[in-house]
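Student: Numbering (our numbering), first residue to last: 5 to 201. Glycine included, every Cβ here is placed at the ideal spot set by N, Cα and C. Structure provided below as structure tokens; questions to follow.
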Amino acid sequence: MNVEIVNSHNIKNRLEQIAKIHFSAYSSDHFTSGFGFDKLIEYNFRLIEASDLSVVAVDNNVVLGFIIAGEKVSAGVSKFTQENRGWLMLQLIRRPSILLTKIMGIIKTKIYTSQPSKAKFRLLSIATKPGSQSKGVGKEMLHFLEQELLRRGIGCYGLSVKNKNQGAIQFYERHGFVKEKEYLGSLYYFKQLSNKS
5 MNVEIVNSHN IKNRLEQIAK IHFSAYSSDH FTSGFGFDKL IEYNFRLIEA
55 SDLSVVAVDN NVVLGFIIAG EKVSAGVSKF TQENRGWLML QLIRRPSILL
105 TKIMGIIKTK IYTSQPSKAK FRLLSIATKP GSQSKGVGKE MLHFLEQELL
155 RRGIGCYGLS VKNKNQGAIQ FYERHGFVKE KEYLGSLYYF KQLSNKS
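So, in structure tokens, the structure goes:
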């Protein structure tokens, strides 16, 4: 297995595999779980296009996992949203529980304020292929990402995870992430990097 950097210029032959992994990795209460395969390809392309650093783990030309991260990667979400506004509204109408969750989230952010994370660089998405989980793929991708961040002079990064996702929370804590805060059903984690790792 090797880990490599991907971007909008070299991602074409990896996008379908990334979309398949994304589809299998995200739970049914995640908004993207209702996306069709083509929309997941488009969505992940926009995220990677806006990403400062995305990586894939590959073995014999098969993608085993991916990470999408950066300071402005949410711009990819915004671009996808702008390009697919009508389609996304239709998806929300078809899935009223997710629509209600989105509306409640907007209302809560108006009522409850929170301090921003001290980590500007964020890990937005990490997933591994079914059958590759618990085999060190996520660990290898994180290690590669962190070494590249240090090489670029970035000494810390953060992420958020739903507080119900115990498997992911245990993974992050096992790999040195420290809980920064809890806000609106999500836990925010932070990791200080050092050249000793």
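For residue 21, which three-state DSSP category applies?
Tutor: The answer is helix: DSSP assigns residue 21 an H, G or I state.
Student: What residue range is occupied by the uninterrupted alpha helix (DSSP H) comprising residue 46?
Tutor: Residues 41-54.
Student: Quick check: what's the CA-CA separation for residue 8 versus residue 162?
Tutor: Roughly 21 Å separates the two Cα atoms.
Student: State yes or no: is the C-beta of residue 192 within less than 8 Å of the C-beta of residue 185?
Tutor: It is a contact, given that the beta carbons lie within the stated cut-off.
Student: Roughly how many angstroms separate the alpha carbons of residue 93 and residue 170, rounded to a whole number?
Tutor: When rounded, the distance between both Cα atoms is 30 Å.
Student: Could you tell me which uninterrupted beta strand (DSSP E) segments, each at least 3 residues in length, are contained entirely in the region 139-182, listed from first to last along the chain?
Tutor: As far as the region 139-182 is concerned, its whole beta strand (DSSP E) runs of at least 3 residues are 160-166.
Student: Is it true that the CB of residue 26 sits closer than 8 Å to the CB of residue 48?
Tutor: Yes. Within cutoff.
Student: Rounded to whole angstroms, what's the CA-CA distance from residue 174 to residue 182? Just pull it up for me.
Tutor: About 11 Å.
Student: Given that a residue counts as buried once 16 or more other Cβ atoms are within 10 Å of its Cβ, and exposed if not, what is residue 66?
Tutor: It is exposed - the Cβ of residue 66 has fewer than 16 other Cβ atoms within 10 Å.
Student: Going by CA-CA distance only, name the one from 157, 158, 179 and 145 that's closest to residue 63.
Tutor: Among 157, 158, 179 and 145, the Cα nearest to that of residue 63 belongs to 145.
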